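The next block holds one structure in the form of structure tokens; read it before the comments.
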Amino acid sequence: MPPNKKTKKTTKKSPEKRENDLEQQYRRSVLDVAILRDHIALQCESVRKVQSDRSDLRRQVRDMEQKLQHERQDHRDISSDLSRQYKTMQTELSSKVKRLEKEVSQLTEELGLCQEELKKEKKAHQHMELKKDYIIADLQYKLDSMETGYEKVLHDTLDSLSTKLAAAQQGWEDMNTTLHQNYKELLSEFGLNALDI
1 MPPNKKTKKT
11 TKKSPEKREN
21 DLEQQYRRSV
31 LDVAILRDHI
41 ALQCESVRKV
51 QSDRSDLRRQ
61 VRDMEQKLQH
71 ERQDHRDISS
81 DLSRQYKTMQ
91 TELSSKVKRL
101 EKEVSQLTEE
111 LGLCQEELKK
121 EKKAHQHMEL
131 KKDYIIADLQ
141 YKLDSMETGY
151 EKVLHDTLDS
161 LSTKLAAAQQ
171 GWEDMNTTLH
181 QNYKELLSEF
191 GLNALDI
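Heads up, the sequence shown is in the UniProt record's numbering, so the first residue is 1 and it goes up one at a time.
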């Protein structure tokens, strides 16, 4: 603080008073200097703190920039890797699609051949079924005819046999009756009764 300017008075001061004023001014000056020193010390401390903070902030900014750069590099690496994987997958998928299309084409061709072969087999099977049905019907007709023929032959044979058996039975009965009569007569000649025997 600048010293106070005092207005000059026409009256002269005494040397003791002036000395007293000087001493007071000196003390005031010493106090002002001490205050100024404290103020400067505070300012210096504040400047040092600001510089330290600025240094910390610069270091943090550098760290953040390095982190950001690392993250950008990681991002570029990941992006590059994903791009490479995508291209690889796309190539593989394209190859797989072509292979599957070829396989589908081949299977379609095989299916067409199989369907044609199946139609031929069905036609042949139907023809064979018709032929078999015709043969079965023919054999059934022949079997029925044979059955009718055998039945007629059997009836004729049985009728003939029945007639022969009836004739033979009549012959046997006549013969039996004759034999019985002869034995009765012989027994009665010997004096025996046929009913007793």
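All C-beta atoms in this analysis are idealised placements derived from N, C-alpha and C, irrespective of residue type, glycine included.
Remember, predicted model here, so these are calculated numbers, not experimental data.
Coil, strand or helix - residue i by DSSP
i: Ser14; result: coil
i: Asn193; result: coil
With 16 other Cβ atoms within 10 Å as the buried cut-off, status of residue i
i: Glu101; result: exposed
Distance cut-off 7 Å: residue i Cβ against heavy atoms of the ligand SAM
i: Ile35; result: As presented, the structure is devoid of all ligands, the ligand SAM included, so that no description of it is given.
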